[in-house]
Each structure stands twice: as C-alpha cells, then as structure tokens.
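Have a look at the structure below before the remarks.
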Amino acid sequence: MSVVKMENAVKNYKVGKVEVPALRGLTLSIEKGEFTAIAGPSGSGKTTLLNLFGCLDKPTSGKVFIEEHDIITLNPDQLADVRNHHIGFIFQSFNLIPVLTAFENVEFPLVLLNELPAHRKTRVMEMLESVGIGDLAGRRPGEMSGGQQQRVAIARALVKHPDYVLADEPTANIDTKTGQEILDLMREMNQKHKTTFIFSTHDPKVMRFARRLIMIRDGQIESDERQ
Amino acid sequence: MFKIALRNIFRNKRRSVLTGLSIAVAVMIAVYLWSLISGIMDDLFDNMIRLNYGHVRILNTDYVKRERLLPLEANIKDYQAVARLADADRNVTLTVGRIKFGVLLEYKGKNKPVFGTGIVPENESPISHLDQKIVEGRMIEMGKEEMNLGASLARELGLKLGDTLTVVTQTAYGSITAMNLKIVGIFSYGVQSMDKTTFFIPLDRAQKLLDLENSATEIFIFIKDKNKGPEVAKEIRAKLDLAYPGKYMAKAWQEQELLYFYMVIARNVYAGLYFLVLFLASFTILNTMFMSVLERTKEIGMMKALGMKNRQVMGIVMLEALLIGTIASFIGAIWGSGIAYYLATRGLDFTATFETMGTINFPISSVYHALFSWGIVFFGFCMGILFSVAAAVPPALRAAKMEPTESLKEI
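Quick note, the sequences are listed as chains A and B, same order.
Counting with the numbering used here, you get residues 906 to 1132 for the letters of the first sequence.
Counting with the numbering used here, you get residues 122 to 532 for the letters of the second sequence.
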C-alpha cells in the first residue's frame, strides 16, 4: 500500500519572466515501511520532490496523493493539517526552535495536535530515550552538538507516529561518524516503528544505505532500484 | 505558544528592552500629559463657571447679541424680581446679580482699559471665593465707595492699599460719569485675566455710577448638579418667557459658545497629541517585530512545515507584541502616574511667563495642576497595549504568509 504517490507531476518555477521546469511529469509511489533515498545532482529536482511529498507546495500539473487525498484540492489550513497528522520532517540544518529545550522541541508537534500534557510528557521522554538522548531533555539546541541536535530532530519527527518521514539531507551538516550514527538510528526507527523514511542525499555512502534508491536527473527519474 | 513567544522576547534582549522603553516612554507621556491637560481644562472650566458664566446665566436678549461690547442699556430691570423666578426652581442653590462694565482706569498719568464688576460682596464668597483671594486688606462692603483690585493691575499702575482713584466711564444712557473709589483690598486669583484686568466694587455703587438703579447686567445662577445646566436653563427660560416675553434669556454654561469652542479645541488637540505619541512609539514595535520575523524566516517556515497554521503563526507574533506592550505599558503607566501625581500636588508655575505675555482674555490659572486619576492611568495602559498589538499586525501577517518551503531551501 502506498503512503504517498505522485502521478505525472510537473512543477515549474518562475524565475523572472522565464518558466524553469523542476519536475517534468514524474510518477512515483512510496510504499509503507520503505527506506528510500532520493539522489541526484544539485538542481535535479530533489527538493521540489520533497516539497510536494511534504505538502509544502502544490504541483503545476499532475497529482499528488497522500492517504488518497489529492493535495491540489486542499487549502493551506488543510495542508497544514495533513502535515501535522501524517508527515514528519527532518531538516539538513536540524531547524530546532532555539528558544525551546530538547524536550519542548520534541513536544512541539504534539502541542499542535492538542495532545494532553501528561500524554505528551510520556511520549516525548520515550522518544528521547529511544534516540539515545534522554539525559539531554533540558538542554537548548545551542548547548548540544550537531549529532545531538539531529537526534532531537529525529525524535521530533517520529514522536507523533507519522505515516512517513521526509529527511532533507539529514547527514549533510554533521561529520561522517555522526552521520553514520544518524543513519543507523533512522534505520533502527524504520525497523522498530515501521515508519516510512524518504530522504534526499547526494552522498554515495548514504545512497548505499538505502533499501530503495531513486536517482533523479533534470526533473525525471533516471533509475529506481530496490536493494 | 506562550512559552515560545515569551522566550522569543528574551532572544534579543537589548532590542526588546529598547522597544519596550519606547512604548513605556510613550505611555508615560500620554498619561501625564492627559492628566496635566485634564487638570488645566478642569481648572479653566471651573474658573469660567465661577468668574464668567455661573452654571446658568440670565441676560437681556439684546445683551447676548453684543456681549463683547458690554452694552449697559441692555440690562435686567428689577433684577431681584427676575432672580426670584429662578430661585423658585428646586435645583437652584444661589442667584446673584452682577454688573460688568468697561472703564479706562487712570492713575498718575498711566491708564489702562479694564473691567469693573459690581457685586454683592456677601454673596460672592461661595461663587468667586473672593474672600479667600484677598491677599492684602479686606473685601469691599455694600454702600461704601471702595474697590478690590487685581494684584497685577495694582502693580502695573503703581497702586497700593488705601489709595483712592477716580473711575471715569459712561452710564447706561451714554453720559459721562465718575466716582472716587478707595482701594480696600487687593486680590490674586493666579489667573491673569482676573488679576491684570479686573476690579470689584459693591453692586449698589455700580448701579449708582452707571445709572442702573435696581438693575444688573447678568444674574448668575448656581445649581446642585452642574451637569443639569441645560435642563435647568430650559425650565428657567420657560418661566422668563411667560413673565417677560422675549426680553430675557437663560443660558447654561454648557451652552456658552466660547466655552464649548475651547472644550472642543482642547479635546481635539489633546486627542491628536495623545494618539500621535502612541502612534510614533508603535512604529518601534512594528520595526522590531518585522526584524524579528524576517530573522526567523526559516524557523517560521519550519513551524509551518510541522503543521502550524497561519493564524497560529500570527498568534505567536502578536503574543510577543502583546507581552512587550503589556510590560512596557505597565511600566510607562507607573512612571506617568508618578509624574501626574507630582504635578497634581506641586503644580507647574507659569506666573512669570504669563506676566510677560500681556492680557489673556480667558481665565486660565498661572499655576497648572494635573488631575490625577487612576482612570487616566488605566486608559493609558490599555492604549499602550492596543497600539503595540495593532502595530504587530503587519509583521504578523508577513509571518503568516511565509512559505513552509523556506525551511527546505538549502539543498
């Protein structure tokens, strides 16, 4: 069963008066529990693809389905609801809220979901323990290393048990060793919680780590292999 | 959300403090300025009522048309009978007849146009508080040819207690008349229009001087509740129309055009000033919130990516402005109330300035006292918050419009 799919999705951006195509009729389906890497050179359309899968943007033409909802029909509030309920995000530069502690950052999506405080506390602590930073709950992002911050980001993405997690070059801003740990952690979470992961990368080591590797070039799928 | 907003304020402490400071100063200025202007206005209206208009004033209808010329021939004959009509009204506490006339006061070669007022001295105390304003000598007495003179006027003409001067003027019938009057008391109201241009003489002497036997030019009526002025004036007008059709009329202090004119001008000027100060200060909030929102483009994008809705994003920005605005307005209101309290108890003395300004023809006191009221302080506090929040609307809208894709723009 697919958690998210796109059919013949086209996305053009306007740069001045010129229309620049970013995706040229892409059809792709991501199945539940997959650990998928989307790779390709700069400008190949990875970010655009993630934006569409993340309900952050709408295609110029074609369709994007999340849980059978065509996102083109949804208004900004409904898109926010879809993101809130179904999608977890991990960003390249962690993007934690600097004024909140690790605990509060992980708690944030649950606050948006109006979960009860007691319930939130248990879930957040469980999640922080499971990504291995239970003891850092009270620290703010500025007081943590890059690897630790990315662990917080992973916990934040997973705490609401999303249908799938989108990770935008999750290891780009950390050293190789920590990057490997982060990938191991994502894989562990994928297996433990059966969470679907879709991540973009142009690091060959990360590509090798994926169970499914989709290569994109010039807004089209160049190859799609399950390893 | 509250936690995020509160902590965002402390993110750039110096900026928040400076923004807060400008709001606080604006609220402070608004509060003490309003207190001061309210105090000055209250004092001005109080003086106008006590010295120029009474709560309700009965006049000859012809006199109303040419009041500036003080037309003595348009007087109230047998004024006591007319006053008795008003006395019958249950709201009326006091009626007094007065004669106001213009003279050229001359002494040792110096002369000055001034206003004389014929009064019943024993009736004057509750109205003009003349007894309390005598700084030298005593009040005039009925039947005696004596006068009470304004302190500044006495100084200007070099007159002192015990001096006698000749007052030359025209009677109600236009013939020249004169009377020797002895200065028995000098008064000081702290109001230049009084102290510099006015003297009082007993009403019966004024009647004799001006050939106005048993007449007055105006009857001041004081009532229990001054806010009921127009109602009482209406009742009295009805009685006057019945007894003296078309001859006399009654006007409440609220119906005095000049007074009303001052009130409107004063209110508008002040309201303009009040809101201008707050408006200018609110620009700092606008600026600060814009900077803060633009700095957080990525973060706001991320929050929206995580599912935060536009109105929630707006809410955070507005909440930040509300927090800064509330704290700053509270501090500003305290400062403002401190200054207002000081100005209410000590006052601002402008006597020296007024002395050099020449004649001012409305009864404004030379020492300004603020009106201290918690209502004014509270209103200032609320306005400070309102302006802060209103100024945060454009940056909040900007934040709400930010695209969640911003958070992914770095591949």
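Yeah, the Cβ is synthetic: ideal placement off N, Cα and C, and Gly gets one too.
- Query: Per DSSP, which one or two residues make a beta bridge with B/Thr-285?
  - Reply: The partner list for B/Thr-285 (beta bridge, DSSP) reads B/Lys-303.
- Per DSSP, B/Glu-339 is paired with what? DSSP, once it has assigned bridges, lists B/Leu-180, B/Arg-219 as partnering B/Glu-339.
- Does the beta-carbon distance from A/Val-925 to A/Asn-913 come in below 8 angstroms? No, the pair does not count as a contact, with Cβ atoms beyond the cut-off.
- Task: Could you please give the first and the last residue of the uninterrupted alpha helix (DSSP H) stretch that includes B/Phe-323?
- Result: According to the sequence as given, residue 323 of chain B is Pro; it is not Phe. No alpha helix (DSSP H) contains B/Pro-323, which is instead part of the beta strand (DSSP E) from 319-323.
- Taking C-alpha atoms, which residue in A/Ile-935, A/Asp-975, A/Leu-928 lies nearest to A/Thr-953? Of the candidates A/Ile-935, A/Asp-975, A/Leu-928, the one whose C-alpha sits nearest the C-alpha of A/Thr-953 is A/Leu-928.
- Would you list, in chain order, the members of the segment 123-144 of chain B that have their beta-carbon closer than 8 angstroms to a beta-carbon of chain A? Within the segment 123-144 of chain B, the residues whose Cβ lies closer than 8 angstroms to any Cβ of chain A are, in chain order, Lys-124, Ile-125, Arg-128, Asn-129, Phe-131, Arg-132.
- Query: Excluding sequence positions up to five away, which residues of its chain have a Cβ less than 6 angstroms from the Cβ of B/Glu-531?
  - Reply: Because B/Glu-531 sits at a pLDDT of 46, beneath the cut-off of 50, its placement in the model cannot be relied upon, and the following sentence gives the value as read from the coordinates. Excluding positions up to five away in sequence, the list is empty.
- Query: Should A/Ile-976 be flagged as near chain D, meaning a C-beta pair shorter than 8 angstroms?
  - Reply: Any reference to chain D falls outside this structure, whose protein chains are A and B.
- Entirely enclosed beta strand (DSSP E) segments - the segment 426-510 of chain B, minimum 3 residues: Counting only runs of 3 or more, we get nothing.
- Message: Does B/Thr-318 pass the burial test, meaning 16 or more other C-beta atoms within 10 Å, or should it be called exposed?
- Response: Buried: at least 16 other Cβ atoms inside 10 Å.
- Mapping DSSP to helix, strand and coil, what is B/Pro-516? In this structure, B/Pro-516 counts as helix in the three-state DSSP scheme.
- Message: Measuring only the C-alpha atoms, how far is B/Gly-422 from B/Ser-450?
- Response: Cα to Cα, the separation comes out at about 31 angstroms.
- Note down the Cα distance separating B/Arg-432 from A/Ile-1103, rounded to an integer number of angstroms. In this structure, the alpha-carbon of B/Arg-432 lies about 29 angstroms from that of A/Ile-1103.
- Can you grab the Cα-Cα spacing for the pair B/Tyr-462 / B/Met-268, in whole Å? The straight-line gap separating the alpha-carbon atoms of B/Tyr-462 and B/Met-268 is approximately 39 angstroms.
- Task: Closer than 9 angstroms by beta-carbon distance: list the chain A residues that pair up with B/Pro-351, in chain order.
- Result: Neighbours of B/Pro-351 on chain A: none; closest Cβ ~56 angstroms, over 9 angstroms.
- Query: Hey, A/Thr-1006 and A/Ala-1042 are a contact pair by Cβ (cut 8 angstroms); roughly how many whole angstroms apart?
  - Reply: Contact check for A/Thr-1006 and A/Ala-1042: beta-carbon distance about 7 angstroms, within the 8 angstroms limit, so the pair qualifies.
- Task: Rounded to whole angstroms, what's the CA-CA distance from A/Arg-1092 to A/Phe-940? Just pull it up for me.
- Result: Looking at the two C-alpha atoms, the distance is approximately 8 angstroms.
- Message: Measuring alpha carbon to alpha carbon, tell me which residue in B/Asn-232, B/Asn-244, B/Ile-261 is nearest B/Ala-275.
- Response: Looking at the Cα atoms, B/Asn-232 is the closest of the given residues.
- Query: How would you label A/Gln-997, buried or exposed, when you count the other beta carbons within 10 angstroms and need 16 or more for buried?
  - Reply: A/Gln-997 comes out buried.
- Consult DSSP for B/Ile-406 and reduce its assignment to one of helix, strand or coil. Here DSSP, grouped into helix, strand and coil, assigns B/Ile-406 to helix.
- Message: Can you tell me whether A/Asn-1078 is helix, strand or coil according to DSSP?
- Response: When DSSP states are grouped into helix, strand and coil, A/Asn-1078 belongs to the coil group.
- Item | Positions along the segment 1004-1017 of chain A whose CB lies within less than 9 angstroms of some CB in chain B | Correct list: Val-1004, Leu-1005, Glu-1009, Phe-1013, Pro-1014, Val-1016, Leu-1017.
- Message: Going by DSSP in three states, A/Arg-988 sits in which element: helix, strand or coil?
- Response: DSSP, read as helix, strand or coil, puts A/Arg-988 in helix.
- Query: Where A/Glu-1130 and A/Ile-1079 are concerned, what is the direct C-alpha to C-alpha distance, given to the nearest angstrom?
  - Reply: Taking the straight line from one Cα to the other gives about 27 angstroms.
- Do we get a CB-CB distance below 8 angstroms when we pair A/Gly-959 with the residues of chain B? Chain B has a Cβ within less than 8 angstroms of the Cβ of A/Gly-959.
- Can you check whether the CB of B/Trp-495 is closer than 8 angstroms to the CB of B/Met-149? For the pair B/Met-149 and B/Trp-495, the CB atoms are not nearer than the 8 angstroms cut-off.
- Item | the segment 375-383 of chain B touching the segment 255-262 of chain B, judged by at least three CB pairs closer than 8 angstroms | Under the 8 angstroms Cβ criterion, the segment 375-383 of chain B does not count as touching the segment 255-262 of chain B, having fewer than three qualifying pairs.
- Message: I want to verify the contact list: residues of chain B whose CB lies under 8 angstroms from the CB of A/Asn-980, in sequence order.
- Response: Per Cβ cutoff of 8 angstroms: no residues; A/Asn-980 is ~10 angstroms from chain B at best.
- Do the segment 952-971 of chain A and the segment 1057-1074 of chain A make contact, defined as three or more Cβ pairs closer than 8 angstroms? The segment 952-971 of chain A is in contact with the segment 1057-1074 of chain A.
- Quick one: grab the DSSP three-state call for B/Val-353. Assignment of B/Val-353 by DSSP, reduced to helix, strand and coil, places it in the helix class.
- Check the C-beta distance from A/Thr-1106 over to A/Ala-944 and give it rounded, since I have them as a contact under 8 angstroms. About 6 angstroms separates the Cβ atoms of A/Thr-1106 and A/Ala-944, confirming a contact at the 8 angstroms cut-off.
- Query: With a CB to CB cut of under 6 angstroms and the five nearest residues on each side skipped, what residues in its chain are close to B/Leu-215?
  - Reply: Counting only Cβ-Cβ distances below 6 angstroms, and skipping sequence neighbours, we find Phe-343.
- To which residues of the same chain is A/Asn-1010 closer than 6 angstroms at the C-beta, ignoring the five residues directly before and after it? Cβ within range, chain order: Leu-1001, Ile-1002, Val-1057, Arg-1061.
- Query: For B/Met-410, which of B/Ala-293, B/Ala-511, B/Arg-178 has the nearest alpha-carbon?
  - Reply: Across the set B/Ala-293, B/Ala-511, B/Arg-178, the C-alpha of B/Ala-511 shows the shortest separation from the C-alpha of B/Met-410.
- Starting from B/Pro-366, trace the alpha helix (DSSP H) both ways and give me its first and last residue. Careful: B/Pro-366 lies outside any alpha helix (DSSP H) and carries neither H nor E.
- Bounding residues of the alpha helix (DSSP H) (the contiguous stretch that carries B/Gln-201): Where B/Gln-201 is concerned, the enclosing alpha helix (DSSP H) stretches over 200-208.
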